[in-house]
Structure formats: structure tokens, C-alpha cells
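Below: one structure, written as C-alpha cells.
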Amino acid sequence: MFNRVPTVLRSQELIDKSFLRASKITEPYHFKLEDKIRKEIIDRISTIEAITCGHLNKLVKKFPSIWNVHPFYRELVDLMFDIDAYKLSLGNVNWASKRIVELSTDVIKRLKRAGEAKQLTKLMNEFYGRYSSIVKAIDKDLSFLGKCRDEMRKIPDIDPEMQTFIIAGMPNVGKSSLLSRLTGNVVRVAPYPFTTQNISVGYTLLGEEKIQIIDTPGILDRPMKERNQMEIKAVLSLRLIQGHIIFLLDPSGHAGYSLENQYSLLEEVKQLLSGDIITVQTKSDLYSERITEIAVSAATGEGIEALKSRMELVLNGQFSTQKGD
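Residue 15 is where the sequence shown starts when you use the working numbering, and the numbers rise one by one after that.
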């Protein structure tokens, strides 16, 4: 959705583009010089209107209506910029497009009634001046919308309506390796706003249902007290996806975090997110003692089918817990 938002031209860029295209229009010979000039000017004005209004109308159409997007996206957008200012800028762009159509229609009517070449040229210059003023009047709006577009393109492409599992756990516990095992290495990487890391999104089938699995490095991997306010809000927006959680624990010591710290993060994730939690021990090939019912090794594939079976039970409502297992 956000990747389809077009590039926003600034006022002078739009004026220059329109004038350049119009300047290339020449009318073939006419018996009367005034008719040649009149036709040439009308074609130039029509071209300027078509190019400018075409671009402005495309912006109004392609920039998403924030109130119609999923709450997950709206929450992230609200963190990035002022939604009221966004709506106002789109309204101003729409106003400018309509005003240019009214202006060109009026000037063309007057051109058709004008007789002398001097009068025709005067009307053309009048249009160019008033047209430029209208476009320049929305330059701040175009600049703001350009920045909004840049921010929107940072939003990860997550389907909030699809059944989702979110992989969480301390750094280096094996989240990305597990995602690759579950999805066959077919993952998309995208930045997540206000965090220093990217997230990875992969897809697989559980039974006959396609699901998405999200790996969250830098997001659900440390206590909230270590985050700033913007980061906290960005992390909390994950609640709106209403996904289930696969929380990974690594007792092998290779991750560099004590089990006490990992369990503390698990308790915090339970408070943050509302989905069912499947607690999974990772790196079972490196640590034989079991601390959870499900233990997996991304390296060998051990336990992966058992995890998938548990995930399918969760989707079917046959396994539900907020305490983990």
C-alpha cells in the first residue's frame, strides 16, 4: 500500500515540467496569424493543466486515507507525522488541482473570444502568472507530503489480517534461524520504524492455511525500560496485529544471557501482547537438558515438526495459553 505512493514533485519542479512540455507545442500554418497564436496558446494551457492536475490528482488518489487503513498501520503513521497536517495538505493539493481547472477553463473561453494577437499573448501571460501562484501556494504541502511518503515507505509490509506468529526472545537465541527453518528461507526484510534493526517476514502453510511469521530482532528482544518513548510506542503497535507468540529460550549459554533474564523478558512480553504464547527451547543440539516441552534445533531440524503441530493447534483454537508451556 505505502510502496505505491508516487514521488512528490515540488512546486517549481512541477511548473518547470509543465512549462517545458508546453513550450514544445507549435501550431502549423494558419491563414490568419491570430488563429495560429490562439490555437497554440490553448494547446499549451491545456497541456499545462493536464500535466499539473494529473500529478496532483494522482497524489490525492494514491496517498492512503489514514482512517481507512488497519489500526496497526495507522498507529505507526501517527508516530511518524501529524495526521491532521497530512489530511490538510492533501486537501490543499486537491484544491489547487480544481482551481487550475477553473482557471484554464476561464482563460480558454476568453481566448476564443479575443481577436488581436496582443490580447491573446496578454491572456496567456495572465494564465501563466496565476497558474504559477496557485502551484507555489501549495509548495509547503508538497514538501510535507514528500516527507510523509519517505516515512511511509519505511513501514514494513505486514498483512495484519493474516494469521500471524511473532518470534520473540533475547538476541542470538536463534530467531532468524528458526524463521528460515519454518519458512524455507523465503523471507522479506524490512525496516521497522524507530528501531535500529530490520524485521523479517516469512510465509508458510499450516495445514491448508497460509500464515506469516515475523522475526523481531531489536524489537521484542530487550526490556522496555531500555527504550525511548517512540520506540515503546512502535513496539506496542505490534499488539494490533493480534498475532500469536513463539518465545525462544536458549539455556545453552551461547546467547550470552542468563535464563533469569530471558524469563524476565518472557513475562514482559506476556504483558505487552495478547496472543497465545508457545515457549520453545532452542539449540537443543547444544544443550540436552529440557526446560520446555518443545525443544528445537534450527541446525539439525530437530523439533521443528512438533513446533508446527503446536502452532496448528493454536490456530485451530485447540491450544490456548498466555503463560507459555
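Glycine residues also receive a C-beta, built at the ideal position from the N, C-alpha and C atoms.
Judging by CA-CA distance, which residue of L73, P85, Y217, Q133 is the nearest neighbour of L23? L73
Looking at chain B, is there any beta carbon in it that lies within less than 8 Å of the beta carbon of I62? Looking for chain B here will not work: only one protein chain is present.
Beta-carbon proximity of E282 to M244, cut-off 8 Å: no
Counterpart residues of R167 in DSSP-defined beta bridges: DSSP lists no partner for R167.
Delimiting residues of the beta strand (DSSP E) encompassing N212: 212-220
Range of the contiguous alpha helix (DSSP H) that encloses F33: 25-37
Integer-rounded CB distance, given that G317 should sit under 8 Å from V3: For the chain, the structure presents residues 15 to 339; residue 3 sits outside this window and is missing.
What are the start and end residues of the alpha helix (DSSP H) that includes D264? Run containing D264: none; DSSP gives neither H nor E here.
Burial state of I259 (16 or more Cβ within 10 Å): buried
Would DSSP call T293 helix, strand or coil? strand
Taking C-alpha atoms, which residue in L193, W109, V121 lies nearest to G183? L193
So, is D171 buried or exposed, given that buried needs 16 or more other C-beta atoms within 10 angstroms? exposed
Q295 to I308, Cα distance in whole Å? 6 Å
If we ignore side chains and look at the alpha-carbon of each, how far apart do I59 and F141 end up? 8 Å
Selection from L280, K322, L286, G267 that minimises the alpha carbon distance to S302: G267
Starting from I255 and walking both ways along the beta strand (DSSP E), at which residues does that stretch end? I255 -> no beta strand (DSSP E), and no H or E assigned at all.
Per the DSSP calculation, D229 is bridged to which residue(s)? I181, S214
Cα-Cα separation, Y100 to M176: 28 Å
On the criterion of 16 or more Cβ atoms from any shown chain inside 10 Å, does F45 qualify as buried, or is it exposed? exposed
Bridge partners for R202 per DSSP, in chain order? V215
Counting only the same chain and skipping the five closest in sequence on each side, list residues whose C-beta sits under 6 Å from that of I292. I260, R324
When K189, D96, Q133, R52 are compared against A312, the one with the closest alpha-carbon: K189
First and last residue of the alpha helix (DSSP H) that includes A151? 131-151
Should T66 go down as buried or exposed, given a rule of 16 or more other Cβ atoms within 10 Å for buried? buried
Go ahead and label D129 buried or exposed: buried means 16 or more other beta carbons lie within 10 angstroms of its beta carbon, across all protein chains shown. It should be pointed out that residue 129 corresponds to Gly in this sequence rather than to Asp. Its Cβ having fewer than 16 others within 10 Å, G129 is exposed.
Taking the alpha carbon of D229 as the reference point, which residue from L300, Y206, S25 has its own alpha carbon closest? Y206
Inter-residue spacing [alpha-carbon to alpha-carbon] between E54 and R35: 13 Å
Could I get the ranges of all uninterrupted alpha helix (DSSP H) runs contained in the region 296-334, with 4 residues as the minimum, in chain order? 318-329
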